[in-house]
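Note sheet for the following structure.
Protein chains: 2
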Amino acid sequence: MSVITAVDTFDIRFPTSQDLDGSDAMNPDPDYSAAYLIIRTDAGDGHGGHGFVFTIGRGNEVETAAIEALRHHVLGRNVEELLADMGATWKLLAHDSQLRWLGPEKGVIHMAIGAVVNALWDLKAKRAGLPLWELLSGMSPEDLVALVDFRYLSDALTPEEALAMLRAAEPGREARKAALLAEGYPGYTTTPGWLGYSDDKLARLAKEAVAEGFTQIKLKVGASLEDDIRRVRTARDAVGPDVRIAVDANQRWDVQDAIDWMAHLAPYGIAWIEEPTSPDDVLGHAAIARGVAPIPVATGEHVQNRVMFKQMLQAGALQVLQIDAARVAGVNENIAILLLAAKFGVRVCPHAGGVGLCEAVQHLSMFDFVAVSGTKEDRMIEFVDHLHEHFVTPVDVHGGSYWPPSAPGAGTEMLRETLADYSYPEGPVWAAGAVLETTRKESR
Amino acid sequence: MSVITAVDTFDIRFPTSQDLDGSDAMNPDPDYSAAYLIIRTDAGDGHGGHGFVFTIGRGNEVETAAIEALRHHVLGRNVEELLADMGATWKLLAHDSQLRWLGPEKGVIHMAIGAVVNALWDLKAKRAGLPLWELLSGMSPEDLVALVDFRYLSDALTPEEALAMLRAAEPGREARKAALLAEGYPGYTTTPGWLGYSDDKLARLAKEAVAEGFTQIKLKVGASLEDDIRRVRTARDAVGPDVRIAVDANQRWDVQDAIDWMAHLAPYGIAWIEEPTSPDDVLGHAAIARGVAPIPVATGEHVQNRVMFKQMLQAGALQVLQIDAARVAGVNENIAILLLAAKFGVRVCPHAGGVGLCEAVQHLSMFDFVAVSGTKEDRMIEFVDHLHEHFVTPVDVHGGSYWPPSAPGAGTEMLRETLADYSYPEGPVWAAGAVLETTRKESR
Chain A
54 MSVITAVDTF DIRFPTSQDL DGSDAMNPDP DYSAAYLIIR TDAGDGHGGH GFVFTIGRGN
114 EVETAAIEAL RHHVLGRNVE ELLADMGATW KLLAHDSQLR WLGPEKGVIH MAIGAVVNAL
174 WDLKAKRAGL PLWELLSGMS PEDLVALVDF RYLSDALTPE EALAMLRAAE PGREARKAAL
234 LAEGYPGYTT TPGWLGYSDD KLARLAKEAV AEGFTQIKLK VGASLEDDIR RVRTARDAVG
294 PDVRIAVDAN QRWDVQDAID WMAHLAPYGI AWIEEPTSPD DVLGHAAIAR GVAPIPVATG
354 EHVQNRVMFK QMLQAGALQV LQIDAARVAG VNENIAILLL AAKFGVRVCP HAGGVGLCEA
414 VQHLSMFDFV AVSGTKEDRM IEFVDHLHEH FVTPVDVHGG SYWPPSAPGA GTEMLRETLA
474 DYSYPEGPVW AAGAVLETTR KESR
Chain B
54 MSVITAVDTF DIRFPTSQDL DGSDAMNPDP DYSAAYLIIR TDAGDGHGGH GFVFTIGRGN
114 EVETAAIEAL RHHVLGRNVE ELLADMGATW KLLAHDSQLR WLGPEKGVIH MAIGAVVNAL
174 WDLKAKRAGL PLWELLSGMS PEDLVALVDF RYLSDALTPE EALAMLRAAE PGREARKAAL
234 LAEGYPGYTT TPGWLGYSDD KLARLAKEAV AEGFTQIKLK VGASLEDDIR RVRTARDAVG
294 PDVRIAVDAN QRWDVQDAID WMAHLAPYGI AWIEEPTSPD DVLGHAAIAR GVAPIPVATG
354 EHVQNRVMFK QMLQAGALQV LQIDAARVAG VNENIAILLL AAKFGVRVCP HAGGVGLCEA
414 VQHLSMFDFV AVSGTKEDRM IEFVDHLHEH FVTPVDVHGG SYWPPSAPGA GTEMLRETLA
474 DYSYPEGPVW AAGAVLETTR KESR
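Here you go:
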């Protein structure tokens with residue numbers, strides 16, 4: 054038996070706002086950040102559990118404080134007991150009646166629960182000597198169903214239905230695992246499309262993306278219609294007619310704005326419109342989906358929990374469901390969402406980018422292919438070539454595909470040097486003059 | 054010209070879990086708390102702006118940290134400028150692109166924005182020498198519309214429609230103000246109905262409530278059907294056929310559970326069913342509303358923002374809209390919600406209780422009566438007789454009604470001694486042995 058001896062937290066920030074990487078219609082100058090934790094044990098096996106919440110700068114300290122507010126639930130606890138029943142462990146964290154008031158099940162506290170849950174999964178996978186996708190893909194349908202909190206879901210998905218779906222997919226697991234290892238999992242790239250980039254840079258990066266094997270790129274839109282028409286045309290000219298171009302408005306519009314704006318972009322061939330409006334607006338997304346059809350509506354990176362995804366599916370509000378590894382309450386809740394998507398027959402194309410989101414979310418898509426939906430058809434994982442060098446097991450993306458990680462764990466572990474260098478505000482990167490401009494802006 | 058010289062924060066907690074006051078099906082042992090701030094200026098007029106977020110214990114430090122994360126937006130700013138255009142000030146806080154990622158517009162960060170916004174309104178009202186309800190009721194329709202962020206609302210309510218409603222209500226303002234001062238605003242009480250109370254205590258408190266002039270009481274339900282039937286019958290026997298009994302499930306049920314459970318309670322005459330399921334479940338509430346009709350569905354204390362309320366109204370998901378002074382982003386967003394309710398013709402019966410929620414929310418109902426909906430018909434403000442003694446201007450509730458406050462401000466200012474005594478964990482109330490049991494439970 055071993056015990057959790059420490060839950061160490063870190064406020065990690067990267068000064069990305071200096072280059073306008075990650076700039077979009079709602080987020081002009083993000084500093085990509087992570088509220089990060091390491092769960093340590095006395096097992097003496099060298100394994101720690103690593104997890105994080107992705108944020109974009111200010112407020113990362115609030116998210117870190119929220120992780121600390123959960124510490125008492127795991128510190129001093131028996132590790133084997135916590136890891137053996139991750140469904141019960143999830144409920145222990147998510148059902149804290151006092152902390153629940155801060156959500157419930159949304160925002161800062163819910164994402165913090167996700168970070169702790171993901172850190173425990175990282176530890177569990179390392180102890181099992183398996184990458185997370187393979188660990189999950191080897192669990193029985195019964196054990197997978199036991200991970201999910203079906204509260205508030207039963208009008209759309211019951212445990213019995215989930216079990217039946219997982220059992221139906223069980224016979225094909227081995228063949229799909231082999232296919233995954235042989236073919237990889239498709240990716241698409243947002244690298245060309247940030248709003249702060251010039252047209253020349255956009256065209257150059259778009260061509261590079263196609264040369265690298267990507268069959269879909271994505272452009273940020275929503276700040277200026279005139280600019281958007283020109284940028285989408287520039288991208289279409291650069292990539293030719295066969296590469297898919299998705300656009301992402303980052304919640305910029307009201308319902309009618311979205312419908313009107315998309316009518317102007319539709320002639321250039323749009324793969325999907327992402328985050329057209331508030332992520333809270335189920336009925337608004339449904340109205341937009343009707344108004345922009347046949348262009349699919351995509352959303353999810355800011356959809357707060359399984360209850361919202363349930364409604365998005367019930368209302369026909371999205372045709373592309375974008376899970377995020379660090380927005381909801383971790384692996385368990387994302388499994389609930391994958392099951393909901395499978396039940397409704399909607400494709401899942403995860404949101405990634407940021408800090409470590411690619412590393413983390415690939416496991417969920419690969420698990421989904423092997424053990425849940427059983428298909429990669431029309432599905433792909435977002436890829437942005439940022440900050441991977443800070444992770445112990447960075448993603449392997451080449452030829453336009455994600456290649457299944459083989460290292461044990463959930464992909465969430467940052468390099469020790471990164472934790473030291475980018476700690477805010479005391480790490481050398483922030484203390485040094487290099488980020489003077491950013492810090493001045495922050496403290497105005 | 055004066056300047057904001059300090060934004061002081063306080064983590065205030067009351068050891069209410071010792072008496073099971075406030076216990077319900079989801080919150081067995083709350084310690085009512087407030088993440089509190091005081092905005093101080095160099096004006097030399099003695100006025101500070103006071104605001105808070107209500108929480109139920111653990112995590113209050115996270116909420117306090119979120120308020121601190123907003124400090125840089127107001128510290129050092131020109132007070133008159135901030136207060137003169139509260140619509141612009143709201144956007145300054147709510148549209149911080151980096152902090153927005155932590156919501157967006159929900160949970161810890163959104164409630165913190167509400168606390169800062171409410172503190173500024175408290176300061177503005179004190180400077181005007183008016184209670185907040187009277188300050189708002191004296192503003193022009195144009196100025197009121199300028200307080201509201203209509204983003205994501207335009208498919209349900211446009212600024213032009215809001216302006217027309219406010220203008221239509223303008224001629225009757227003076228008469229309704231006189232009526233309010235003469236008649237008060239109806240209240241109802243939840244004091245008898247906490248789940249932790251015995252049947253005898255329930256019956257005794259219910260009778261007392263009626264004797265005090267209340268025409269509606271509310272009972273917590275949802276933990277045990279058998280107990281609920283007995284408790285509702287006990288209450289009905291105690292109050293007779295003419296007093297209204299509402300029930301509150303505090304999000305305990307799934308959709309079908311709610312419909313089935315309410316079929317058993319319906320024979321005893323139920324004024325409304327409150328929070329039957331997740332506050333995020335617009336479509337679920339709509340299904341429940343159809344399933345339990347003609348019993349009205351009430352919700353709102355955990356509804357995160359105006360976008361969710363918009364959908365609740367669009368979907369017919371609620372028949373009683375329960376605003377809360379400290380859940381959304383302050384006075385401005387609650388005005389948006391009052392306007393939405395008026396547009397849809399749905400009655401507003403605020404959630405209150407907790408710490409200071411009665412003191413704060415009464416201003417909004419009174420403003421609504423004078424300047425927005427123009428009616429008190431079937432409307433009432435929740436009342437719980439807890440912790441009012443900690444406020445500088447506690448509510449005046451007698452004869453079953455709230456009586457309009459005359460003191461300048463928003464009602465949100467706590468006594469200086471309370472801030473000292475109940476500060477967590479260093480205040481004497483927490484340091485002393487009196488709450489040893491509670492602190493032990495917290496730190497396990």
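Protein chains in written order, with the working numbering: chain A, 54 to 497; chain B, 54 to 497.
Ideal Cβ positions, reconstructed from N, Cα and C, are used throughout, including at glycine.
### Task
Could you check if A:Thr58 is buried or exposed, using at least 16 other CB atoms within 10 Å of its CB as the buried criterion?
exposed
### Task
Could you tell me which uninterrupted alpha helix (DSSP H) segments, each at least 4 residues in length, are contained entirely in the segment 83 to 165 of chain A, listed from first to last along the chain?
113 to 122, 124 to 127, 132 to 137, 139 to 147, 150 to 153
### Query
In chain A, which residues lie less than 8 Å from B:Asp476 when you measure between Cβ atoms?
Here residue 476 of chain B is Ser; the residue named in the question, Asp, does not match the sequence. Near B:Ser476 there are no residues of chain A at all, since even the closest Cβ is about 17 Å away, more than 8 Å.
### Query
Considering only residues of the same chain and omitting the five flanking positions on each side of A:Trp483, which have a CB-CB separation below 8 Å?
Arg66, Pro68, Tyr475, Ser476, Tyr477, Thr492
### Message
So with CB distances below 8 Å, who are the chain A contacts of B:Ala368?
### Response
Leu336
### Message
Can you find the residues in the same chain that come closer than 7 Å, C-beta to C-beta, to A:Glu495, ignoring five residues on each side of it along the sequence?
### Response
At A:Glu495, the pLDDT of 41 sits below 50, so the modelled position is not reliable; the number obtained from the coordinates is stated separately. Closer than 7 Å at the Cβ level, and outside the excluded window around A:Glu495, lie Arg111.
### Task
With DSSP as the reference, label B:Ser426 as helix, strand or coil.
coil
### Message
Between A:Trp154 and chain B, is any beta-carbon pair separated by less than 8 Å?
### Response
yes
### Message
Measuring only the C-alpha atoms, how far is B:Phe107 from B:Val408?
### Response
6 Å
### Task
Identify each residue in the segment 59 to 89 of chain A for which the Cβ-Cβ distance to at least one residue of chain B is less than 8 Å, and report them in chain order.
Met79, Asn80, Pro81, Asp82, Pro83, Asp84
### Query
Any idea what DSSP makes of B:Phe397, helix, strand or coil?
helix
### Task
Quick one: grab the DSSP three-state call for B:Glu195.
helix
#### Entry: Assigned exposure category for B:Met54 - 16 Cβ within 10 Å defines buried
exposed
### Spatially closest choice to A:Leu197 from A:Arg220, A:Asp310, A:Arg283, A:Asp95, by CA coordinates
A:Arg220
### Message
Give me the residue from B:Asp95, B:Arg130, B:Ala299, B:Gly427 with the minimum Cα distance to B:Gly246.
### Response
B:Ala299
### Query
Buried or exposed: which applies to A:Ala316, given that a residue is buried once 16 or more other Cβ atoms fall within 10 Å of its Cβ?
exposed
### Message
Against B:Pro329, what residues of chain A qualify as contacts under a CB-to-CB distance less than 9 Å, listed in chain order?
### Response
Result: empty, since nearest Cβ-Cβ is about 11 Å, beyond 9 Å.
### Query
Cβ of B:Pro461 less than 8 Å from any chain A Cβ?
no
### Message
For chain A, check one thing: does any of its Cβ atoms lie closer than 8 Å to the Cβ of B:Lys159?
### Response
yes
### Message
Our contact map puts A:Leu146 next to A:Leu123 with C-beta atoms below 8 Å; I'd like the distance itself, whole angstroms only.
### Response
6 Å
### Query
Taking the alpha carbon of B:Ala259 as the point to measure from, which residue in B:Ser418, B:Tyr205, B:Val437, B:Ala172 has its own alpha carbon closest?
B:Val437
### Task
Find the nearest neighbour of B:Val356 within the set B:Arg343, B:Ala379, B:Ala413, B:Glu430, judged by alpha-carbon distance.
B:Ala379
### Query
Under 8 Å between C-beta atoms, does A:Met361 make it to chain B?
yes
#### Entry: Short Cβ contact (8 Å threshold) for A:Glu265 with A:Asp301
no
#### Entry: C-alpha gap between B:Ile120 and A:Trp154, whole angstroms
17 Å
### Task
Would you check if the segment 421 to 437 of chain B and the segment 234 to 242 of chain B touch, i.e. whether three or more CB-CB distances between them fall below 8 Å?
yes
### Query
So what does DSSP say about B:Leu374, is it helix, strand or coil?
strand
### Query
So, helix, strand or coil for B:Phe362, using DSSP?
helix
### Partners in chain B for A:Thr108, counting only beta-carbon separations shorter than 7 Å
Trp154, Leu155
### Query
Can you tell me the Cα-Cα spacing of A:Ile162 and A:Trp456, whole angstroms?
32 Å
### Task
Just grab the DSSP bridge partners of A:Met467 for me.
A:Phe444
### Query
For A:Gln269, which beta-bridge partners are listed by DSSP?
A:Arg297
### Query
Relative to the alpha-carbon of A:Tyr250, which residue among A:Thr242, A:Leu272, A:Lys230 has its alpha-carbon at the smallest distance?
A:Leu272
### Interface residues of chain B facing A:Ser207 [CB-CB closer than 9 Å]
Asp307, Val308, Gln309, Asp310
### Task
Would you verify that the beta carbon of A:Val127 is, or is not, closer than 8 Å to some beta carbon of chain B?
no
### Contact under 8 Å by Cβ, A:Ala276 with A:Ile270
no
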